[in-house]
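Trainee:
Rendered as structure tokens:
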């Protein structure tokens with residue numbers, strides 16, 4: 057709009073600035089008249105716009121006045137409510153101050169109640185009595201969720217604690233689901249001894265606080281039999297095994313390895329030690345039976361020296377003596393008969409000694425090898441332990457348990473195998489020594505008879521004074 061006004065003024069200025077002809081003067085007057093008319097129209101439009109603006113302004117002023125009037129009216133209506141609110145807030149502050157004062161005067165019963173409820177919560181969750189009385193868990197949850205405990209709730213908590221104390225001194229029997237080792241759940245008769253242990257058919261039951269289930273754990277056969285005798289006893293006193301830790305000892309019992317797990321911890325070296333021990337026991341059994349049988353045959357042979365048998369050591373020596381006698385009769389030119397007789401007797405005895413001591417050296421070797429293998433297992437286990445420490449550090453002892461177990465188990469196995477083998481070797485050596493001593497005595501008697509025969513006396517095997525009887 058301003059631009060149009062400038063253009064029209066420029067045209068008007070141009071008309072006055074330059075002379076023109078009559079025709080141009082008429083056109084200029086027309087233009088001037090047009091500019092004047094447009095200017096008047098522009099003024100009229102501006103006046104109309106101002107009029108509308110003033111009307112809108114007056115209308116907004118009326119609305120503002122109406123809003124102020126409404127606000128003042130609402131303020132007058134709200135003043136009593138604000139006064140009431142302020143009075144209520146003041147009353148609440150006074151009551152809260154009274155509550156705090158009463159809490160201080162009564163020793164802060166609410167905090168004591170919450171502390172006691174928190175302490176009793178762990179006891180309630182870990183108690184096997186909850187299996188028999190599951191409804192008290194819900195009652196305790198309602199008590200623990202209370203904001204400000206009243207006298208009734210405090211009394212109810214005290215009753216729950218008193219009930220726990222009373223039930224802890226009773227032996228109760230009830231039916232409950234029991235989780236078997238296979239995972240099956242069977243409803244069985246459960247005997248609860250206080251809050252310590254639970255049993256079914258004399259077997260321990262472990263209470264799982266997280267799931268509130270009774271779990272049938274690994275059992276010791278001796279303890280189970282003793283518990284069964286206690287449950288079967290009616291008038292006599294008997295011993296009952298109780299877990300005073302409320303399941304902690306049973307958990308440790310589950311983790312305690314049996315003899316099969318112990319043997320597995322020994323590894324390959326442990327199996328080799330056991331194999332050597334089994335071999336040594338077989339040798340001991342074989343030699344013991346053989347030597348005892350030879351002793352029995354020797355006693356029988358002593359009762360019948362005139363009829364020697366080849367099934368025993370003394371009989372074979374006597375047969376060699378008879379053969380030597382016949383050989384002597386065909387050798388009339390022999391110069392040193394006594395030396396030849398002693399050599400033949402010593403040879404016969406040594407032959408029998410080798411047979412009697414068969415396997416003894418192997419037993420000594422096995423008895424000496426077993427502890428050495430145990431020492432080898434100890435060194436190997438410690439190497440595994442140090443490797444675990446170098447890889448994972450020493451923060452978790454379970455990572456080192458396998459190596460330490462191998463070290464200790466192999467040592468124990470080596471000693472367990474070596475000690476019986478030493479005793480077994482001593483046994484068979486004693487049996488063999490007894491027979492050898494008897495053979496030496498008989499050989500001395502036979503040599504004395506040879507001396508008598510060399511002097512012209514007859515050779516009589518059953519009349520030698522040096523031959524001992526079975527009872528000597």
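Residue numbers (the working numbering): 57 to 528.
Glycine included, C-beta positions come from ideal geometry on N, C-alpha and C.
Cβ of residue 228 within 8 angstroms of Cβ of residue 188?
Mentor: yes
Trainee: Which residues does DSSP list as the beta-bridge partners of residue 253?
Mentor: DSSP lists 249 as partners of residue 253.
Trainee: Sort 253, 318, 178 by Cα distance to residue 223 and report the nearest one.
Mentor: 253
Trainee: Evaluate residue 374 with the Cβ neighbour count: other Cβ atoms within 10 Å of its Cβ, from every protein chain shown; 16 or more gives buried, anything less gives exposed.
Mentor: buried
Trainee: Under 8 angstroms, with one C-beta from each stretch per pair, do the region 403 to 415 and the region 424 to 438 reach the 3-pair mark?
Mentor: no
Trainee: List the DSSP bridge partners of residue 227.
Mentor: 249
Trainee: Could you give the distance in angstroms between the alpha-carbon of residue 478 and the alpha-carbon of residue 420?
Mentor: 7 angstroms
Trainee: Report the three-state DSSP secondary structure of residue 385 (helix, strand or coil).
Mentor: No answer about residue 385 holds up, because its pLDDT of 47 lies below 50 and its placement is not dependable.
Trainee: Check residue 89 in the structure and name its three-state DSSP category.
Mentor: helix
Trainee: Pull the bridge partners of residue 233 from the DSSP assignment, please.
Mentor: Beta-bridge analysis with DSSP links residue 233 to 243.
Trainee: Near residue 350, which residues of its chain fall below 8 angstroms by C-beta distance, leaving aside the five closest residues on each side in sequence?
Mentor: 368, 369, 412, 491
Trainee: Could you tell me if residue 533 is buried or exposed, where buried requires 16 or more neighbouring beta carbons within 10 angstroms of its beta carbon?
Mentor: With the chain covering only 57 through 528, there is no way to say anything about residue 533.
Trainee: I want to know whether the region 315 to 330 touches the region 464 to 471 - three or more CB-CB distances under 8 angstroms.
Mentor: Verdict: yes, contact present.
Trainee: Let's test the definition: count the other Cβ atoms within 10 Å of the Cβ of residue 336 and tell me whether it reaches 16, buried, or not, exposed.
Mentor: buried
Trainee: What are the start and end residues of the alpha helix (DSSP H) that includes residue 165?
Mentor: 165 to 182
Trainee: Between 343, 376, 483, 462, which lies nearest to residue 415 when the distance is taken from Cα to Cα?
Mentor: 343
Trainee: Quick check: the Cα distance between residue 138 and residue 145, rounded to an integer number of angstroms?
Mentor: 10 angstroms
Trainee: Quick check: residue 323 and residue 498, are their CB atoms within less than 8 angstroms of each other?
Mentor: no
Trainee: Taking only three categories from DSSP, how would you classify residue 75?
Mentor: The pLDDT assigned to residue 75 is 49, lower than 50, so where the model puts this residue is not dependable, and the model offers no usable value.
Trainee: Can the beta-carbon of residue 193 be found closer than 8 angstroms to that of residue 180?
Mentor: Cβ distance < 8 angstroms, so residue 193 and residue 180 count as in contact.
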